[in-house]
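Engineer: Just add 233 to wherever you are in the sequence shown, counting from 1, and you've got the working numbering.
The C-beta atom is built at its ideal place from N, Cα and C for all residues, glycine as well.
Predicted model only: the values in this text are computed from it and were never measured.
Here it is, the structure in full.
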Amino acid sequence: MDPSRPEIVYAGVRSGSVAQPHGLYRSEDTGEHWVFAFSGVSEGEWHLGEDLAINPVNSRTLLVALGYKGGVYKSHDRGPSWYSANTGIGLEGGQYVFSAAIDPADTDIVYAAGTEVYVSYDAGATWQEMGEGLPAHLAW
234 MDPSRPEIVY
244 AGVRSGSVAQ
254 PHGLYRSEDT
264 GEHWVFAFSG
274 VSEGEWHLGE
284 DLAINPVNSR
294 TLLVALGYKG
304 GVYKSHDRGP
314 SWYSANTGIG
324 LEGGQYVFSA
334 AIDPADTDIV
344 YAAGTEVYVS
354 YDAGATWQEM
364 GEGLPAHLAW
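And the structure:
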């Protein structure tokens, strides 16, 4: 749910239909009507949207953690357009991302977790590992 406009809600859907693709859907009328809000993310990158983070200061900005294949994607328009925000996460090395969070005190600081725990100090443009001392297992 959008913290500044509670009538805006989001739902991640894993569909078996081409007519209704996998991805994120948005409703601007508390769930009465839904629109696909995940353009720009290929089916191959969408495993199962694990987590959605809404910027608490600017709710037009969203981060989504895509699980096994896609890493982190970011939108600045409540979802119609997205871009990959994975610099430093290491997806090519088999890293996964299952959760994302935005620091409410400083929204330039964001976190992602999966096979490692990551922090970004530039709103998700670049990431660095911060999981020293954590066991080498999946983190949420």
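(1) Would you mind working out which of V242, E261, V290 and P368 sits nearest P337, comparing C-alpha positions?
(2) Please say whether G357 and A318 have beta carbons closer to each other than 8 Å?
(3) Measure the beta-carbon distance from I342 to V352 and round it to whole angstroms, keeping in mind my assumption that it falls under 8 Å.
(4) With a cut-off of 8 Å on the beta carbons, I'd call T320 and W267 a contact; round off their distance for me.
(5) When the Cα atoms are used, what is the spatial distance from I335 to I287?
(6) Considering only residues of the stretch 255–325, which uninterrupted beta strand (DSSP E) runs meet the minimum length of 3 residues and lie entirely inside it, listed in chain order?
(7) Relative to the C-alpha of R293, which candidate in D284, Y301 and W315 has its C-alpha closest?
(8) Can you tell me whether A333 is helix, strand or coil according to DSSP?
Structural biologist: Looking at the coordinates:
(1) V290
(2) yes
(3) 7 Å
(4) With a Cβ gap of about 32 Å, T320 and W267 do not count as contacting.
(5) 7 Å
(6) 256–260, 284–287, 295–298 and 305–308
(7) W315
(8) strand
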